[in-house]
């Protein structure tokens, strides 16, 4: 056995079996390329599931982390710190928000949003409506908010207070609103649900319902925020502004950090002692996130994401005519793209992902419907061309 095989075998014997991992031991990465312990390279169109949006080991983020770790690692939120305050200031200055709460992950900030909505609703108003096909995290409340029964199985009884509206059906959503409702929670683009952008007209209608019934509109931008769609936040490509927005994943480019953003009107619902996070916004993760924000806000960065997103859409679309039995369309925004599979293609989804892995390209299969492409936002047209070349060869082999 190779050293890599020995270590994979040991890994499989040590961990709780919650993951189906690729048979590889990743050792290092730079930019859009990962390398395993046997020095095989992989072109990364997965980016740690939309986390490493500035690529692996970005020098400016690495430097920010190294400088901070020599100064201060942790003091808890009993104290103010410079990196955390600077990050909050940048988020507020570049969004609708006035106030920020930091945690460590997307699930945690979605939990915070759920608690905030229930506190806002007051006595008797505790129900939250989310959408079928949504994904909001793995903690018990967040997984219950997720509108996919497969994630609920085995964890019943689930917490009460969550209802699910059919995707795109505003009349059905309105029928779910009652005197118990306090919020509507959604992703502007469903990621795990199959890269499904919500039409702007649908978002506008939901905003109208929230205003009419005094409900909080919560946007979960954990996967699609931080430049992924070609704007800093996905909501900025619409005329709809949420009351609460959650971020994580790409915010720290691999360092664990999540953020809940809201307004001055809503923030006082949380008072000291009502919610907290021991590690939330710790100095190291905040320093990394400040560097991420600085890079993404530089002139031309987001325009470059938009241009490369259009290029990837064009190249993916060209494959449809060649493989009509497997592919039916492309959907997404910016650099979150889904290649929609036909009924026949869906049966080969996992096979395609595994064959691409063997060819040294990392992608995944989402929502039992699409091949999902979420490369680092720094991906080049040359790297997109290489992925398309390998994908075309893979599809030809099916």
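In my numbering, the protein residues as written are 8 to 405.
The beta-carbon is built from N, C-alpha and C at its ideal position, and this holds for glycine as well.
Taking 9 Å as the cut-off, the beta carbon of residue 358 is found closer than this to the beta carbon of residue 405.
Look at residue 194 here: in three-state DSSP terms it is coil, with no helix or strand label. By the CB criterion at 9 Å, residue 171 and residue 154 fall inside the cutoff. Selection 278, 234, 225 evaluated against residue 305 yields 234 as nearest (Cα-Cα). Under the DSSP assignment, residue 10 falls in the alpha helix (DSSP H) whose first and last residues are 10–21. Cβ neighbours of residue 254 within its own chain (closer than 6 Å, five residues either side excluded): 228, 232, 266. Excluding sequence positions up to five before and after residue 264, its CB lies within less than 6 Å of the CB of 258, 292, 296, all in the same chain and listed in chain order. Under the Cβ criterion (8 Å, minimum of three pairs), the stretch 205–215 does not count as touching the stretch 92–101. Given a length threshold of 4 residues, each whole run of the alpha helix (DSSP H) inside the stretch 287–312 is given here in chain order: 290–303. Under the Cβ criterion (8 Å, minimum of three pairs), the stretch 10–21 does not count as touching the stretch 323–343. In this structure, the beta-carbon distance from residue 108 to residue 277 falls below 9 Å. Apart from sequence neighbours up to five positions away, the residues of its chain that approach residue 139 with a beta-carbon distance below 6 Å are 154, 171, 173, 174, ordered along the chain. In the DSSP assignment, residue 51 forms a beta bridge with 369. In this structure, the alpha-carbon of residue 236 lies about 43 Å from that of residue 8. Contact annotation: the stretch 181–196 does not touch the stretch 70–79, with fewer than three C-beta pairs closer than 8 Å. Following the DSSP letters along the chain, one finds residue 92 inside the alpha helix (DSSP H) bounded by residues 89–100. Considered as a whole, the stretch 127–189 harbours 147–152, 177–183 as its complete alpha helix (DSSP H) runs of no fewer than 4 residues, in chain order. Leaving aside the five residues that flank residue 10 on each side, the residues in its chain whose CB is nearer than 7 Å to its CB run, in chain order, 44. Using a 10 angstroms sphere on the CB of residue 269, the tally of other CB atoms reaches 16 or more, which defines it as buried. According to the DSSP assignment, residue 397 belongs to no beta strand (DSSP E) but to the alpha helix (DSSP H) extending over 388–403.
Secondary structure note for residue 219: its alpha helix (DSSP H) is the uninterrupted segment 207–220. Collapsing the DSSP output to three states places residue 70 in a helix.
Around the beta-carbon of residue 249, 16 or more other beta-carbon atoms lie within 10 Å, marking it buried. Between residue 137 and residue 162, the C-beta gap is not smaller than 9 Å, which leaves the two residues out of contact.
According to the DSSP assignment, residue 352 belongs to the alpha helix (DSSP H) that extends over 350–353. Shown here for residue 287: same chain residues with a beta carbon closer than 7 Å to its own, the five before and five after excluded, namely 84, 109, 110, 111 in chain order. Beta-bridge pairing by DSSP links residue 250 to no other residue.
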